[in-house]
Amino acid sequence: MTDNTLDTTPDTTTDTSHAALDPNVMPNFEHMPNVATMDTSHIDKERPPFILVDGSYYLFRTYHALPKTMMNSQGLTTNAIRGTLNALLKVMRRYNPTHMAVCFDTKSPTFRHAMSEEYKANRPKMDPELAEQIPYIHRLVRALG
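Counting with this note's numbering, you get residues 4 to 148 for the letters of the sequence shown.
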């Protein structure tokens, strides 16, 4: 008999595949091809090959848009988890991409902070109810493949 219950243990592993990247250094895009002159005739216009999703946008938007009363049986607020999942599934159904990547803001300052002290300076601290949902959202995104 298999256990079909969802493991709600938060994923606390840290992805270090990007550890060589210094968030304080401005990226250099000189090696990138000129998209204006690229041959795109091989790309299926009906099915985009790749979609890049701003995961932080969805988790903040859904956390503030959906009721905070959405909770699991252990009392964990789940509005951002459910909202982000629904938003990602909607993107997948609508565009049916061959590949999709979901990116999230980092906790540490980036080159944008070094360029401007005002960058996100007026943002309030993250609500604890949202912060505790983030490891679950990261795990959910990995489970989507």
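Cβ atoms here follow ideal geometry from the backbone N, Cα and C, with glycine treated the same way.
- Each of 101, 144, 97, 140 was checked against the Cα of residue 82, and the nearest Cα belongs to 140.
- Distance from the CA of residue 45 to the CA of residue 94, rounded to the nearest whole angstrom, comes to 23 Å.
- Using a 10 angstroms sphere on the CB of residue 78, the tally of other CB atoms stays under 16, which defines it as exposed.
- Contact between the segment 102 to 121 and the segment 64 to 76 is absent, with fewer than three C-beta pairs closer than 8 Å.
- By the 16-neighbour rule on beta-carbons within 10 angstroms, residue 92 is exposed.
- Beta-bridge partners assigned by DSSP to residue 57: 106.
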